[in-house]
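Residue numbers (my numbering): 91 to 224.
Each residue gets a CB set at the ideal place from its N, CA and C atoms; glycine is no exception.
Below: the structure, in structure tokens.
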């Protein structure tokens, strides 16, 4: 951004005063390159802001104890996570939208929940309470 400010300070009078064609081409190329770089750099920042975090916890419905190693999958994708020692899972860089999240764990009934993810808010979080198969 600083380069754009510096180059914008070059007045048209100065640019026209340059008689050498090669110098005009060089200055034009430099200006174009710097503007292009700033546009692409700005685009990366906008992309980073358009995603959020989808997190949650998987627990036993009856006891409330964390289920360690449960598989959490965003349906229709290959995106998976496993719960940690506290039953927590986390998906980073999730784009806004509605997602079907499925949870599987050995000897428990599978759970599924539709979760709406949006940016500009706190990370989306959900608690899955799983029933043990008897």
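### Message
Between 223, 215, 220 and 111, which has its C-alpha nearest residue 182's C-alpha?
### Response
215
Cβ neighbours of residue 213 in the same chain (closer than 8 angstroms, five flanking residues each side left out)
142, 143, 144 and 145
- request: For residue 209, I'd like the list of residues in its chain whose CB is within less than 8 angstroms of its CB, leaving aside the five on either flank, ordered along the chain.
  value: 139, 140, 141, 142 and 186
_Same chain, Cβ closer than 8 angstroms to residue 195, five either side skipped, listed in chain order_ = 148, 157, 159, 160, 161 and 220
message: Per DSSP, what are the beta-bridge partners of residue 182 in this structure?
response: BP columns for residue 182 are empty, so no partner.
Option nearest residue 167 by Cα separation, candidates 198, 201, 190 and 200:
190
In chain order, what residues of the same chain lie with their CB nearer than 7 angstroms to the CB of residue 184, ignoring the 5 residues before and after it? 141, 142, 143, 144 and 207
Residue 164 to residue 188, Cα distance in whole Å? 10 angstroms
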